[in-house]
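Protein chains: 2
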Amino acid sequence: MSSRSWWGWGTDENALSPAETDALVNRVAALIPDHDFTDHPPPAPQSLPVPPPRISVPATLSAVFSDDVRDRLSHARGKAFRDVVRNLHGDISHVPDLVARPRTERDVIDILDFCSAEALACIPYGGGSSVVGGVEPRFDGPAVTLDLGRLDRVVEIDDVTRSARIQAGALGPHIEDQLRPAGLTLRHFPQSFEFSSLGGWLATRAGGHFATLYTHIDDLTESIRAITPAGVSESRRLPSSGAGPSPDRLLLGSEGTLGVITEAWMRLQDRPRFGTTVSVGFDDYHDAVRATRTVAQSGLYPSNCRLLDPAEAFINAGAESPGGVLILAFESADHPVGPWIDRAVEIATDHAGHVLSQRDRGERDNTGNHASAAWRSAFIRMPYQRDALARRSMIVETFETACTWDHFDALHIAVTAVATDTVQRICGAGVVTCRFTHVYPDGPASYYSIYAPGRWGSTVAQWDEIKSAVSEAISNNHGTITHHHAVGRDHRSWYDTERPDLFAAALTAAKHVLDPAGILNPGVLVG
Amino acid sequence: MSSRSWWGWGTDENALSPAETDALVNRVAALIPDHDFTDHPPPAPQSLPVPPPRISVPATLSAVFSDDVRDRLSHARGKAFRDVVRNLHGDISHVPDLVARPRTERDVIDILDFCSAEALACIPYGGGSSVVGGVEPRFDGPAVTLDLGRLDRVVEIDDVTRSARIQAGALGPHIEDQLRPAGLTLRHFPQSFEFSSLGGWLATRAGGHFATLYTHIDDLTESIRAITPAGVSESRRLPSSGAGPSPDRLLLGSEGTLGVITEAWMRLQDRPRFGTTVSVGFDDYHDAVRATRTVAQSGLYPSNCRLLDPAEAFINAGAESPGGVLILAFESADHPVGPWIDRAVEIATDHAGHVLSQRDRGERDNTGNHASAAWRSAFIRMPYQRDALARRSMIVETFETACTWDHFDALHIAVTAVATDTVQRICGAGVVTCRFTHVYPDGPASYYSIYAPGRWGSTVAQWDEIKSAVSEAISNNHGTITHHHAVGRDHRSWYDTERPDLFAAALTAAKHVLDPAGILNPGVLVG
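Just so you know, the sequences run in chain order X and F. Numbered according to the numbering used here, the first sequence terminates at residue 527, and the numbering increases by one at each position without gaps. Numbered according to the numbering used here, the second sequence terminates at residue 527, and the numbering increases by one at each position without gaps.
Below you can see the structure in the form of structure tokens.
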């Protein structure tokens with residue numbers, strides 16, 4: 001834990017090496033030769049004038065609270081571009097007064113009771129990977145950040161049902177490590193996998209590994225246990241039920257506003273034994289979209305069905321394809337997937353696609369140009385690259401949405417135009433790319449990346465202007481303000497437009513019951 | 001509409017013919033020779049002393065209200081066994097005072113405003129096929145039944161996304177009729193299909209055609225529009241979203257307590273072109289369950305995966321198989337399903353199953369003994385058979401649940417033992433059968449049927465005693481009180497045990513916001 005970066009992504013030792021950084025900067029500099037790539041390293045946390053905590057902790061709870069300055073700084077924000085840059089600037093607004101690390105559910109109850117009694121804001125915190133301001137105490141008044149990192153065990157595995165009871169603070173790799181001996185996997189691999197937690201996934205309705213079918217964490221959930229200020233809530237473990245509105249679905253996406261999720265029974269899978277990946281190139285992006293839609297509606301349910309637009313394919317997979325690249329993959333623990341991939345590829349080629357490369361699991365890729373393998377490697381390293389570029393005044397950030405297929409063309413054109421125009425106006429240059437992270441029979445989740453040269457000292461404001469413009473375009477074109485990044489504080493105004501007002505009123509009433517003192521993550525979702 | 005039975009299932013003209021009735025009675029009499037099969041036909045509705053309405057309707061609303069006695073009687077109950085028998089007895093307790101049939105959403109608003117102002121209970125009513133007391137005004141005081149049958153149109157079809165905006169009062173066949181010209185289908189075929197409505201399916205989280213994957217109506221829902229006493233709520237059409245808790249999931253399963261669902265955007269499918277069905281017999285039921293579980297966890301996702309226990313297979317499919325029969329089917333609009341069914345059958349035979357018969361779509365079945373075809377035909381006619389037997393003092397009813405696989409063996413043994421013992425004690429004879437209606441990777445939905453000789457005048461009380469005993473056994477063995485029949489009034493006490501108390505408190509608070517006067521379906525779910 002000590003090597004976790006307080007200001008940026010991941011761990012200090014996994015940050016880009018000097019050689020990797022040089023190579024990255026040289027690649028970007030070739031595209032944007034006039035940019036000032038001066039490095040702005042992070043300040044020493046101890047040098048920052050962080051005010052002392054405004055909270056006195058009773059002696060009975062002192063063992064679970066930390067007032068360490070680095071600890072508090074590292075919990076002050078998530079890991080969005082604007083979080084990292086503010087850290088680099090030594091911006092110390094909204095640092096939590098204390099960090100609480102419960103060892104048991106009893107500790108969680110005691111901490112919530114203390115916060116309720118003292119009217120202290122309390123922010124549940126898992127891996128801290130929010131990119132929407134979800135864990136930032138962006139308000140006046142004292143704040144306690146409740147870090148669930150100590151509750152990190154897989155408590156129980158049921159290998160008949162294939163499910164496990166897992167504590168909410170467990171990070172992705174630690175969950176998989178504990179499931180591996182049983183031959184099972186949760187197989188939930190968001191980009192944040194290494195540094196995000198089960199509880200965070202549940203609270204934010206995270207999107208996972210699979211491009212189709214059971215992929216949102218919602219669908220992997222058998223039951224949830226949560227501690228609310230009003231008491232403990234635990235649903236019955238069930239594969240499915242029709243008994244009233246789903247209790248779990250109220251907590252899924254509640255973003256720490258209704259209670260602290262402490263554990264959940266999660267649906268698992270056997271570890272896959274068979275797999276095939278094919279990359280298909282297109283000359284026309286419209287053909288590529290139609291091919292992707294047809295695959296999404298075919299009932300084949302590929303594990304991967306990721307359409308990279310031409311810029312995305314070039315930047316992150318080194319593939320030159322004027323209409324983009326569709327990465328199709330199937331995997332199974334039960335059966336060879338040949339008939340599945342064959343039909344999916346047939347659909348793609350029926351829509352004027354041409355196979356770029358194919359790889360079967362276990363076979364080495366010796367072609368040297370396998371688009372999907374290159375893409376996956378880049379995927380894992382992206383946040384570290386982002387940080388290296390953020391230090392050098394580049395604006396590197398993403399946003400995402402989902403819409404029904406009938407609205408996609410118009411949404412995509414509008415969003416891309418607004419993003420390109422705004423980037424051009426504000427930064428003078430820049431690139432906007434798009435990929436589908438997930439596809440449903442009735443629509444894609446499109447994910448946009450922006451790379452633009454900023455001005456040191458202004459990159460957060462520059463990004464915020466871009467973000468505001470594209471969010472308007474999404475909202476005006478039938479998109480959701482978030483498919484899997486959550487609402488947090490950054491998406492709040494567009495969320496308020498998107499959700500029905502009466503649902504907000506109902507949710508507010510539910511919150512008053514579960515959190516009567518209104519201490520949980522104030523400003524998020526309601527209130 | 002005029003031919004709809006006021007007392008039993010479906011229409012008068014589709015009831016069993018005299019010859020069919022004789023054949024059915026003879027079959028049952030062969031098993032239970034001592035039973036008194038005297039027919040007790042329904043009374044004439046006009047002969048029943050139904051009290052006059054206690055409600056005065058303003059002239060502006062008179063066009064949408066009916067006080068016709070037959071109309072009121074036919075809306076007094078659902079279509080459970082206990083409903084039908086009480087109708088046969090001329091039991092006129094809890095007949096709604098008026099039936100309202102809105103022609104437009106404006107009418108719905110006006111009716112709710114009238115009920116709120118006058119503090120009149122209002123029961124939303126779709127097809128009236130509830131089997132859990134969900135539409136019965138089982139309380140003192142006046143009641144308005146709000147029948148949505150006039151709102152029955154498919155308003156809009158989006159064939160790119162493959163979804164349609166459908167009014168909530170449309171019954172199953174009318175929905176399919178309107179979708180067929182576009183080559184699309186909702187493909188939601190509960191047993192009640194002919195006489196249940198989209199709004200009813202949504203309000204009760206109905207279970208559909210498919211045994212796996214997208215089958216609960218929840219998963220087919222893109223957005224919902226509802227009129228609540230507090231106003232109109234409409235969610236954005238989206239394939240998926242991570243923006244806060246799902247607004248739709250609060251209305252799904254709300255059973256008319258939060259608002260009146262008036263229309264929804266529903267996900268459609270292309271009409272299937274390929275299909276194969278295989279029946280697999282087993283000598284040992286434990287092998288059959290393990291085979292079914294393995295198929296459910298294989299990632300093959302059959303459209304049918306229905307395990308009939310030996311009694312179910314014999315009674316409804318004429319198949320003698322000491323360990324039961326597993327019916328496996330795949331269907332697709334996109335591709336031949338050979339590799340899928342082949343692997344599923346391989347799994348079944350690996351678990352000591354033996355293929356009984358196989359049928360490809362379009363091929364005639366000339367073997368004369370195809371178990372699944374016989375079963376499907378019986379499925380559609382079952383409620384009519386139930387009514388013919390109910391008139392003859394037989395107790396014919398079903399109950400259902402779902403649980404995780406680890407609990408299934410114990411639940412099944414306990415439920416079967418309790419059901420058999422109670423039936424034996426109360427009726428002296430009887431049969432209990434089981435089938436899986438749906439299977440999930442983490443558990444089956446098991447569905448039980450009971451056939452027992454009752455005493456005329458006591459069959460409702462006899463059934464209620466059986467039902468209470470089996471519900472206790474389900475609840476004590478980690479089952480849900482309902483997988484797809486809903487809670488209604490009959491399951492309320494077990495529902496109260498099952499759902500978290502804090503969720504009930506949150507739901508109650510939400511209801512106070514949406515239905516401040518507490519008029520909507522009082523006694524259901526909360527309050």
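Even glycine gets a Cβ: it sits at the ideal position worked out from N, Cα and C.
If the criterion is Cβ atoms closer than 8 Å, does the pair residue i and residue j meet it?
i	j	result
X/Val280	X/Val345	yes
F/Tyr285	F/Gly324	yes
F/Ser233	X/Thr480	no
X/Ser197	X/Leu171	yes
F/Thr292	F/Leu326	yes
X/Thr145	X/Pro96	yes
X/Arg290	X/Thr437	no
F/Ala121	F/Ala143	yes
F/Arg236	F/Glu263	no
X/Gly523	X/Arg138	yes
X/Gly133	X/Arg489	yes
F/Val99	F/Ser66	yes
If residue i and residue j are in contact, beta carbons under 8 Å, what's the gap, nearest whole angstrom?
i	j	result
X/Ala164	X/Leu179	6 Å
X/Gly256	X/Ile123	6 Å
F/Gly275	F/Glu331	4 Å
X/Leu24	X/Leu16	7 Å
X/His484	X/Gly207	3 Å
X/Trp6	X/Leu112	Wrong, their Cβ atoms sit about 26 Å apart, outside the cutoff.
X/Thr294	X/His351	7 Å
X/Pro444	X/Phe408	6 Å
F/Glu105	F/Ile227	6 Å
F/Phe81	F/Glu397	4 Å
F/Tyr451	F/Val470	The pair is not a contact, with the Cβ atoms about 14 Å apart (cut-off 8 Å).
F/Leu184	F/Arg153	So it is not a contact: roughly 15 Å between Cβ atoms.
Among the options, whose alpha-carbon lies nearest the alpha-carbon of residue i?
i	options	result
X/Phe503	F/Arg101, F/Asp107 and F/Asp515	F/Asp515
F/Arg205	F/Asn521, F/Gly318, F/Gly127 and F/Leu251	F/Leu251
X/Ile395	X/Ala170, X/Val423 and X/Pro239	X/Val423
F/Thr433	F/Ile474, F/Pro310 and F/Ser192	F/Pro310
X/Leu328	X/Asp334, X/His412 and X/Leu356	X/Leu356
X/Val155	X/Leu146, X/Gly169 and X/Ala143	X/Gly169
X/Asp22	X/Leu268, X/Asp39, X/Arg187 and X/Asn87	X/Asp39
F/Pro336	F/Ala348, F/Pro322, F/Gln297 and F/Arg273	F/Arg273
F/Gly353	F/Phe282, F/Glu105, F/Ala63 and F/Arg391	F/Phe282
X/Glu136	X/Arg77, X/Ser254 and X/Leu88	X/Arg77
X/Arg187	X/Glu176, X/Phe195 and X/Glu194	X/Glu176
X/Ser47	X/Asp91, X/Arg249 and X/Ser254	X/Asp91
F/Tyr301	F/Gly10, F/Arg343 and F/Asn316	F/Arg343
X/Asn14	X/Ala505, X/Cys403, X/Glu194 and X/Asn476	X/Glu194
X/Val69	X/Gly527, X/Gly457, X/Val439 and X/His94	X/His94
X/Ser446	F/Ser298, F/Pro239, F/Gly253 and F/Ala390	F/Pro239
X/Ile474	X/Gln358, X/Ile380, X/Val415 and X/Asn26	X/Val415
F/Ala296	F/Gly128, F/Asp152 and F/Val439	F/Val439
DSSP has residue i in a bridge; who is on the other side?
i	result
X/Phe399	X/Tyr448
X/Thr437	DSSP, once it has assigned bridges, lists no residue as partnering X/Thr437.
F/Glu176	Beta-bridge pairing links F/Glu176 to no other residue.
X/Asp158	X/Ser163
X/Ala143	X/Ala121
X/Gln424	Per DSSP, none; premise fails for X/Gln424.
F/Gln46	Per DSSP, none; premise fails for F/Gln46.
F/Gln358	F/Val278
Whole runs of the beta strand (DSSP E) within the region 236-305 of chain F, excluding any shorter than 3 residues
Here the runs fully enclosed are 260-267 and 274-281.
Counting only runs of 3+ residues fully inside the region 305-340 of chain F, write out the beta strand (DSSP E) ranges in chain order.
As far as the region 305-340 of chain F is concerned, its whole beta strand (DSSP E) runs of at least 3 residues are 325-332.
Output the residue ranges of the alpha helix (DSSP H) runs that lie fully inside the region 50-128 of chain F and measure 4 residues or longer, sorted by chain position.
69-74, 81-88 and 105-118
If you scan the region 10-37 of chain X from start to end, which runs of the alpha helix (DSSP H) of 4 or more residues do you find wholly inside it?
18-31
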